[in-house]
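FYI, in numbering that gives the first Met the number 0 the residues of the sequence shown are 0 to 443.
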Amino acid sequence: MTSQAGILRKRILDLVAEYHQIAHAPTPFVPGESPVPVASRAFEAADIQSLVDSSLEFGLTAGPLADELENRLAESFGVRSASLVNSGSSANLLAVSALTSPKLGSRRLLPGDEVITVAAGSPATVNPIVQNGLVPVFVDVSLPTYNIDSKMLEAAKSDRTRAVILAHTLGNPFDTSAVVEFVRKHDLWLIEDCCDAFGATSDGKRVGTFGDLATLSFYASHHMTTGEGGCVLTEKPLLKTIVESLRDWGRDCWCDPGKENTCGKRFDWQLGGLPRGYDHKYTYSHLGYNLKMTEMQAAVGISQLQKIPKLVAKRRANYQLLRKGLQELEHIFMLPEATPKSDPSWFGFPLAVRREAPFSRSRVVSFLENRKIATGLLFGGNLLRQPAYREVKHRVVGSLANTDFIMSQVFWIGVHPGLTPEMIAYVVDAFHHLPISDWKTLWA
Ligand SMILES: Cc1ncc(COP(=O)(O)O)c(C=O)c1O
Numbered sequence: 000m001t002s003q004a005g006i007l008r009k010r011i012l013d014l015v016a017e018y019h020q021i022a023h024a025p026t027p028f029v030p031g032e033s034p035v036p037v038a039s040r041a042f043e044a045a046d047i048q049s050l051v052d053s054s055l056e057f058g059l060t061a062g063p064l065a066d067e068l069e070n071r072l073a074e075s076f077g078v079r080s081a082s083l084v085n086s087g088s089s090a091n092l093l094a095v096s097a098l099t100s101p102k103l104g105s106r107r108l109l110p111g112d113e114v115i116t117v118a119a120g121s122p123a124t125v126n127p128i129v130q131n132g133l134v135p136v137f138v139d140v141s142l143p144t145y146n147i148d149s150k151m152l153e154a155a156k157s158d159r160t161r162a163v164i165l166a167h168t169l170g171n172p173f174d175t176s177a178v179v180e181f182v183r184k185h186d187l188w189l190i191e192d193c194c195d196a197f198g199a200t201s202d203g204k205r206v207g208t209f210g211d212l213a214t215l216s217f218y219a220s221h222h223m224t225t226g227e228g229g230c231v232l233t234e235k236p237l238l239k240t241i242v243e244s245l246r247d248w249g250r251d252c253w254c255d256p257g258k259e260n261t262c263g264k265r266f267d268w269q270l271g272g273l274p275r276g277y278d279h280k281y282t283y284s285h286l287g288y289n290l291k292m293t294e295m296q297a298a299v300g301i302s303q304l305q306k307i308p309k310l311v312a313k314r315r316a317n318y319q320l321l322r323k324g325l326q327e328l329e330h331i332f333m334l335p336e337a338t339p340k341s342d343p344s345w346f347g348f349p350l351a352v353r354r355e356a357p358f359s360r361s362r363v364v365s366f367l368e369n370r371k372i373a374t375g376l377l378f379g380g381n382l383l384r385q386p387a388y389r390e391v392k393h394r395v396v397g398s399l400a401n402t403d404f405i406m407s408q409v410f411w412i413g414v415h416p417g418l419t420p421e422m423i424a425y426v427v428d429a430f431h432h433l434p435i436s437d438w439k440t441l442w443a
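The structure is reproduced here in structure tokens:
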């Protein structure tokens with residue numbers, strides 16, 4: 000870069016910082032008027048500078064910054080590889096699809112094979128099972144951890160069971176020791192959906208390091224963001240190759256965009272029914288997609304990743320403030336609990352309106368929303384009751400009573416770093432003004 004270009008670049012980035020200071024200055028919180036969102040983008044001047052800096056090069060497709068983010072993510076999780084993708088949903092699609100690759104030989108998942116999961120979750124966890132011609136097997140979850148009831152795992156297994164895919168619900172880890180023991184005993188694949196759980200630990204170990212594959216989401220409201228974005232983590236080089244092949248049109252070649260002959264034998268391969276020496280760049284070993292992340296998203300990701308410890312700490316602190324503030328309403332609301340031996344990285348604060356409570360969930364939710372306190376549902380409730388799943392071939396093992404309870408009684412409020420102690424105090428106060436004149440005596 001010429002020195003003149005360097006000077007201009009610095010001026011642009013200084014102006015970005017100045018712009019951020021003025022355009023994104025925090026506004027004072029006015030109780031009842033300012034919104035208290037369930038999620039927010041946590042960003043600073045450095046994030047916008049990183050984005051603008053990368054755009055000046057006009058390197059739009061994944062390049063050196065995407066490589067750098069992949070390396071930093073892999074290092075941060077202590078796994079061999081991190082493959083960036085354009086969303087957490089794509090990450091799950093690739094993780095499940097990878098298990099159907101012919102490159103896995105007899106361990107490959109075939110149509111009709113079963114994958115154990117839960118119906119109280121995100122469609123993005125379950126859909127890839129169905130999209131790959133596999134059969135989801137649903138078991139219930141435990142309350143108030145909102146994760147799989149691991150006692151049901153053995154009952155859920157059949158001759159066709161080949162894999163387990165589970166999310167760490169709202170950042171609260173599932174019982175990793177029971178699940179890992181089960182998959183090891185029966186030689187099953189495990190996919191950990193960590194899309195809502197970046198930074199959580201179980202038994203002192205990072206979630207994302209227990210499964211054969213793990214996925215992350217960098218959607219705007221997540222622990223760190225690239226706008227849209229996600230990642231597949233794995234320790235296994237073969238799975239990484241398959242994931243990246245599926246991500247990059249299904250190609251057999253693993254050259255980065257703009258590169259060629261990384262394998263050193265671009266015109267020397269003999270694969271499938273192709274003539275010997277057919278260009279490896281145009282050889283396809285999977286029915287793939289194009290799910291790549293862009294370079295500018297990666298630039299934002301690099302800057303965000305540096306702040307992750309601070310962002311996760313803030314989420315945990317906000318969770319504790321809410322837990323303490325709502326403690327005395329436990330007769331009315333079932334409060335969330337961390338899975339034993341875990342340190343969650345909360346995505347949200349789930350609350351269950353007890354069946355004996357003097358009001359319905361929708362009454363509570365509209366009471367809060369009227370006070371500008373945003374709420375969310377635990378995704379699809381019982382996914383099997385959603386219109387999209389009516390014709391989906393599946394198995395249910397045992398009752399889904401808790402899943403149905405979640406569908407009708409549970410909602411969640413935010414714990415994101417954008418919430419100030421003042422906002423949380425306002426939320427806690429609102430809960431104490433729910434229209435129950437004599438709840439203390441009623442429910443004591
Ligand atoms: C558990 C879980 N998995 C996967 C996803 C999909 O992530 P994305 O929105 O990045 O596609 C979500 C959505 O937030 C989610 O909650």
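Using N, Cα and C, we set each Cβ at its ideal position, and we do this for glycine too.
Check                                                                                                                                                : Outcome
Check whether the Cβ atoms of SER398 and ASP148 sit closer than 8 Å, and answer yes or no.                                                           : no
I think PRO143 touches VAL114, with their Cβ atoms under 8 Å apart; what is that distance to the nearest whole Å?                                    : About 26 Å separates the two Cβ atoms, so there is no contact after all.
Would you tell me roughly how many angstroms separate the C-alpha atoms of PRO63 and ILE128, rounded to the nearest one?                             : 33 Å
Could you have a look at THR440 and say whether DSSP puts it in helix, strand or coil?                                                               : Residue confidence for THR440 is low, a pLDDT of 45 falling below 50, so the modelled location carries little weight; the figure read from the coordinates is stated next. Helix at THR440.
Is the separation between the beta-carbon of LEU245 and that of TYR288 shorter than 8 Å?                                                             : yes
Which residues mark the beginning and the end of the beta strand (DSSP E) in which ASP46 is found?                                                   : Here ASP46 belongs to no beta strand (DSSP E); instead the alpha helix (DSSP H) covers 44 to 55.
What number of angstroms, rounded off, separates the C-alpha of GLU243 from the C-alpha of SER89?                                                    : 12 Å
Quick one: residues in its chain with C-beta nearer than 6 Å to the C-beta of PRO30, no 5 flanking neighbours on either side, listed in chain order? : TYR425
With H, G and I counted as helix, E and B as strand and the rest as coil, what does DSSP make of TYR277?                                             : coil
What are the residues that DSSP puts in a beta bridge with ARG394?                                                                                   : VAL136
For SER468, does the three-state DSSP call read helix, strand or coil?                                                                               : Beyond the ends of the chain as shown, which are 0 and 443, falls residue 468; an answer cannot be given.
Could you please give the first and the last residue of the uninterrupted alpha helix (DSSP H) stretch that includes PRO63?                          : 63 to 76
Hey, THR26 and ASP174: beta-carbon distance below 8 Å or not?                                                                                        : no
Assuming VAL15 contacts GLY375 under a Cβ cut-off of 8 Å, what Cβ separation, rounded to an integer in Å, is found between them?                     : With a Cβ gap of about 32 Å, VAL15 and GLY375 do not count as contacting.
If we count the other Cβ atoms within 10 Å of its Cβ and call it buried at 16 or more, is SER157 buried or exposed?                                  : exposed
If you draw a straight line from the C-alpha of GLU234 to the C-alpha of LYS204, how long is it?                                                     : 15 Å
Under 7 Å: does the beta carbon of SER398 sit that close to some heavy atom of ligand 1?                                                             : no
Which complete alpha helix (DSSP H) runs does the region 199 to 277 hold, if anything under 4 residues is left out?                                  : 236 to 246
If you follow the beta strand (DSSP E) that PRO349 is in, where does it begin and where does it stop?                                                : 347 to 352
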